[in-house]
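Throughout the sequence shown, residue numbering follows numbering that gives the first Met the number 0, covering 0 to 791 in sequence. By construction, the Cβ of each residue, glycine as well, lies at the ideal position given by its N, Cα and C atoms. Have a look at the structure below, then the notes.
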Amino acid sequence: MRFPREQARPGLRHAPGRAGDRCLEMTSFQLINILMVAAGTLIMAAAIRIGLRVRRSVPLEFQGRWYVISLLMFFFFSGYCGYALLQLLQKERILELVSALVFLAGALFVLLVINLSRRTIEQLIAEKNKFAAAHADLIRKSDELQKEIAKQARTEHELREAQASMDNIFNSSIPICITSTGYDIIKANAAYYAMFEGDGRKKATLKCYTSRPGSACNTDRCPVKLISQGKEEVVEECAKIDEAGKPSYFIVTARPYRNAAGEVVGIVESFQDITLRKSAENLLAMEKERLAITLRSIGDGVITTDLKGNILMLNRVAEYLCDWPMDEAVGQPLEEVYHVVDFTTRKRIENPVQRVISTGRAVNITAGAVLIARDGWERFITDSAAPILDQRGNLFGVVLVFRDISEKRLLESEISKLEKLKAIGQLAGGIAHDFNNLLTAILGNISLARISADPASAIVSKLEMAEKAVMRARGLTQQLLTFAKGGAPIKKVISLDQLLRESVEFTLRGSNCLFDFEIAADLRPVLADSGQIAQVMNNLIINANQAMPDGGTVTVRATNFITEGEDSLPLDPGRYVRVTCSDQGSGIPADQLPFVFDPYFTTKKTGSGLGLSTVYSIIRRHGGCITVASQEGLGTTFTFYLPAAEAPTGKEREAPREILKGAGRILVMDDDDTVREVAGMMLTELGYSPTLVVNGQEALAAYAKALDEGSPFACVILDLTIPGGMGGRETMARLVELDGEVKGIVSSGYSSDPVVADYGKYGFKAAVNKPYRLDELSRVLHQALNPPFDAE
């Protein structure tokens, strides 16, 4: 540095001799300054140049300070240049001012540089810290990236595994097909092509409806349409017919096929082969159909229940008997549908299904069970319940089988009645036989007495009254004989119209009851015994009259009737005439109705109890049946059915009541002494010569003896029944062997006996029923001895 010029001047002034040296020294010193300033100027110029070059790279926050530093550098550059110029111009004062400014600028420059360095150092420290944080974050992110890379690797591995798994699934033996919403087959596995195209290598270039046409194609049931409309799953059944015509059946399950955005772009379909299952189902359906046909065909009702006793199934017979259709009965408790009570006590019978469930064994119902249907109809039934076991022997249900035995009970009742009638018939036959023998003796003696008496005497009228009484007694024996074994009506084709009217009018004559007829105009004739049918009507009308002591109306109806054998009536299929007799009486109690046709059963204080039994027996022997219906307080209706006849009715010619005399030997066989005696007297009265024997052996011996003697019998009268001996039928057969010209008359109290009804078939010429009058005997003898009269 140079000292101020004022300080140098005294030396110059006080040492003038040394002035040249000072000038030289100052000049050198000045030169050195100039050189130093020049060097500084060059350095500053270089700095300015560098600053200008890097100023664009200065961070934004340092640009203000860098601008000041740049100005200071320009200032220093200018100062250096000015300082050098002032040195050259020897402007000392200005030079001093410039030096001071340069010092001040230098201080400012140092302050700025220090401050800038501090900020730079702080920035560097912050950047270092930031770098350290960034480095740590980079390391952390690097670790995370490594983990993510590992995770991505695992994901890619899992994706490859999933893809492999999907490929394995897709390429499984189950046919799978992916179809677009445009019905194009996007992808399908080999199993699909093998199934529908016959070539697993074929590419999926077909439309779905071309590849596998089905009933749902191009319809609202198309899976593609349904999935496109929002359904998540569609399941349907389809069939494929191969070239041989053999069907294959599949269950097709379709679900949405979505792209990465979740949009439905098609469907994925899997095809499950159910051909074997379908075959099994068809076989099961056939078995079920056969079972259903069997259940429909059998006449028993069948109900199956679960272990709770609720109905699972019932067949048509059960529906009919219980009056419950299956759609209403299924799920109902058995007691609701199957209502069974005891016929006698009317108490409900224990549920058989519960007994099976509790015991595990089959059970049968007790006797006398009555099923009450929903409509109130009652039927006698028999049933059995058995457990239903699975393959392991576990109980999982119960089957109940029941049968309507109402007809069987009716038939059993009919058989019981017939057995009772058979028993009473055996008794009645013996009684009637003996009684007829007594009546024959009485009636024969009355006939002889009338001939011997004076017609004008009072005794004749009394004999006539006695004869009428005997004839009424004969009617009683005929009722008894109706029960006799082997009795049969003498049937002829008759019209019921007049017979019904005459019977009703005769029986109700003099009573306080009215009568009404409803007889069909086209009523068919019947094949019947008019006397027995009249007896039937008389008994029914008498009962009706007695049931209405205060009067009323008896209504008789007669109509044609046809049965096919499907109803509960014990009748063969065919044509019948139905006759009903209704009264307005008090009716018959329900508990007594089953017994009204039993022998000796009566609800009246007077009466034998044989009236309705006789009616029942007569109708049954005519091949018909009779029923009764009654309500207490409303009256009773009897209905009987008689077989209709196709032939027109004929009219009988009454035989004249005159005594026909004759002559010749007559052989009489009868085991009763009184009958033989009165028969002998009657024959003698008629002009014949009687020979009396007790049994068949005696008759054969007497007839053979007469033949040997050359005085044969003109006729034989043989009693049909000889207790303990040969009767009339066998005796006549033996007599025919002795004499083919023998003329026989069968005599019996059994007017309905087949031998009496068709005597000619057994070799007889005529028949006479005990008891008989003298005129009847004479007419029968005349018929046997005079064949021309046999034409009747």
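- What are the start and end residues of the alpha helix (DSSP H) that includes Phe342? Where Phe342 is concerned, there is no enclosing alpha helix (DSSP H), given that its DSSP letter is neither H nor E.
- Using the beta-carbon count (16 or more within 10 Å), is Gln162 buried or exposed? exposed
- Item | Identity of the residue in Tyr256, Ala361, Ile240 and Gly244 nearest Leu225 by Cα | Tyr256
- Message: Just list the residues that DSSP pairs Met312 with in beta bridges.
- Response: Thr303
- How big is the Cα-Cα spacing for Asp142 and Cys221? 54 Å
- Message: Quick check on DSSP: helix, strand or coil for Asp198?
- Response: Bear in mind that a pLDDT of 49 at Asp198, under 50, signals an unreliable position, so the number given afterwards is only what the model happens to contain. DSSP places Asp198 in coil when its eight states are reduced to three.
- Item | Pick from Thr343, Asn314, Leu447 and Asn309 that is closest to Gln331, judged by C-alpha positions | Asn309
- Query: Among Leu719, Leu699 and Arg772, which one has its Cα closest to the Cα of Glu684?
  - Reply: Arg772
- First and last residue of the uninterrupted beta strand (DSSP E) at Phe514: Cys512 to Ile518
- Item | Alpha-carbon spacing of Asn559 relative to Tyr575, whole angstroms | 6 Å
- Under three-state DSSP, which class holds Tyr208? helix
- Confirm, please, whether the CB-CB distance from Ser269 to Ile175 is below 9 Å. yes
- Nearest neighbour of Asn435, chosen from Asn537, Arg471, Tyr640 and Ile617 [CA to CA]: Arg471
- Message: So, with DSSP's three-state summary, where would you put Leu611?
- Response: helix
- Supposed contact pair Pro642 and Gly623 - C-beta distance, whole angstroms, cut 8 Å: 6 Å
- Tell me whether Pro572 sits in a helix, a strand or coil according to DSSP, three-state version. coil
- Identify whether Ile721 lies in helix, strand or coil by the three-state DSSP scheme. coil
- Where does Glu653 fall in DSSP's three states? No answer about Glu653 holds up, because its pLDDT of 48 lies below 50 and its placement is not dependable.
- Would you say Gly443 faces chain C, with C-beta separation under 9 Å as the test? Annotation note: the requested chain C is absent from the structure, which comprises a single protein chain.
- Same chain, Cβ closer than 7 Å to Ala628, five either side skipped, listed in chain order: Thr636
- Buried versus exposed call for Pro488 [16 or more other C-beta atoms within 10 Å across all chains shown]: buried
- Residue nearest to Gly367 in terms of C-alpha spacing, selected from Ser383, Ile348 and Asp341: Asp341
- Just checking, does the region 456-468 make contact with the region 518-532 on the three C-beta pairs under 8 Å criterion? no
- Query: Taking the alpha carbon of Asp669 as the point to measure from, which residue in Ser747, Ile541, Leu447 and Ser502 has its own alpha carbon closest?
  - Reply: Ser747
- Message: Taking the beta carbon of Lys490 as the centre, do at least 16 other beta carbons fall within 10 Å, making it buried, or is it exposed?
- Response: buried
- Message: For a test of the three-state rule: what should DSSP assign to Arg508, helix, strand or coil?
- Response: coil
- Would you mind working out which of Ser710, Leu633 and Met681 sits nearest Arg664, comparing C-alpha positions? Ser710
- Item | Backbone CA spacing between Arg347 and Pro324 [nearest angstrom] | 23 Å
- Tyr640, DSSP secondary structure in three states: strand
- Whose CA, out of Gly229, Leu394 and Arg360, lies closest to the CA of Ser383? Arg360
- Message: Would Leu399 and Val352 be called neighbours here (beta carbons separated by less than 9 Å)?
- Response: yes
- Message: Pairs of beta-carbons, one from the region 405-413 and one from the region 309-318, closer than 8 Å: are there three or more?
- Response: no
- Item | Rounded straight-line distance, which links the Cα of Val767 to that of Leu699 | 21 Å
- Task: Report the option in Phe379, Leu438 and Ile430 whose CA atom is closest to the CA atom of Lys409.
- Result: The sequence shown places Leu at residue 409, not Lys. Checked all of Phe379, Leu438 and Ile430; the closest Cα to Leu409 is Phe379.
- Query: Any idea what DSSP makes of Lys764, helix, strand or coil?
  - Reply: coil
- Would you kindly report the start and end of the unbroken alpha helix (DSSP H) that includes Asn258? That residue, Asn258, is in no alpha helix (DSSP H); it is neither H nor E in DSSP.
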